[in-house]
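Asker: In case it helps, the numbering used here puts the sequence shown at residues 289 to 382.
We put the CB at the ideal spot given by N, CA and C, even for glycine.
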Amino acid sequence: DESTRSVLHEVMEQQTLSIAKAGIIAQLNARTSLLAAANPKESQWNPHLNIVENLQIEPTLLSRFDLIFLLLDTNDEAADRKLASHVLSLYTPA
Numbered sequence: 289d290e291s292t293r294s295v296l297h298e299v300m301e302q303q304t305l306s307i308a309k310a311g312i313i314a315q316l317n318a319r320t321s322l323l324a325a326a327n328p329k330e331s332q333w334n335p336h337l338n339i340v341e342n343l344q345i346e347p348t349l350l351s352r353f354d355l356i357f358l359l360l361d362t363n364d365e366a367a368d369r370k371l372a373s374h375v376l377s378l379y380t381p382a
């Protein structure tokens with residue numbers, strides 16, 4: 289939602305986090321790394337759309353990340369069945 293995005297903008301741009309609790313307003317230094325993950329809209333990557341359109345993340349927020357990796361799972365029913373069988377075989381009594 290919009291409030292989460294605005295907080296992320298502040299932390300990633302200014303390396304500070306503003307907090308207001310019980311009438312006390314504080315601005316804390318943010319000394320951390322951020323690892324984020326996102327699913328594409330409609331839960332499936334559309335190769336005809338760019339990253340911003342697929343993830344529905346504002347370009348100004350996306351530009352704050354130093355590295356962006358795309359992990360795409362191609363639709364391959366045979367490979368998916370083979371992998372599922374292997375995983376199930378690990379937990380099936382012999």
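Mind checking whether L349 and A326 have CB atoms under 8 Å apart?
Answerer: Here residue 349 refers to the residue found at position 61 when the sequence shown is read from its first residue. Here residue 326 refers to the residue found at position 38 when the sequence shown is read from its first residue. No, Cβ-Cβ distance for L349 and A326 is not below 8 Å.
Asker: Please check the pair L305 and W333, which I expect to be a contact at CB under 8 Å, by giving their CB distance rounded to whole angstroms.
Answerer: As a first step, residue 305 must be located in the sequence shown, where it is residue number 17. As a first step, residue 333 must be located in the sequence shown, where it is residue number 45. With a Cβ gap of about 32 Å, L305 and W333 do not count as contacting.
Asker: I'd like the ranges of any beta strand (DSSP E) spanning at least 3 consecutive residues and lying wholly in the region 310-360.
Answerer: The region 310-360 contains these whole beta strand (DSSP E) runs: 312-317.
Asker: Name, in chain order, the residues that DSSP records as bridge partners for T304.
Answerer: Looking up residue 304 in the sequence shown gives position 16. Bridge partners of T304: N317.
Asker: Check D364 in the structure and name its three-state DSSP category.
Answerer: Mapped onto the sequence shown, residue 364 falls at position 76. Three-state result, D364: coil.
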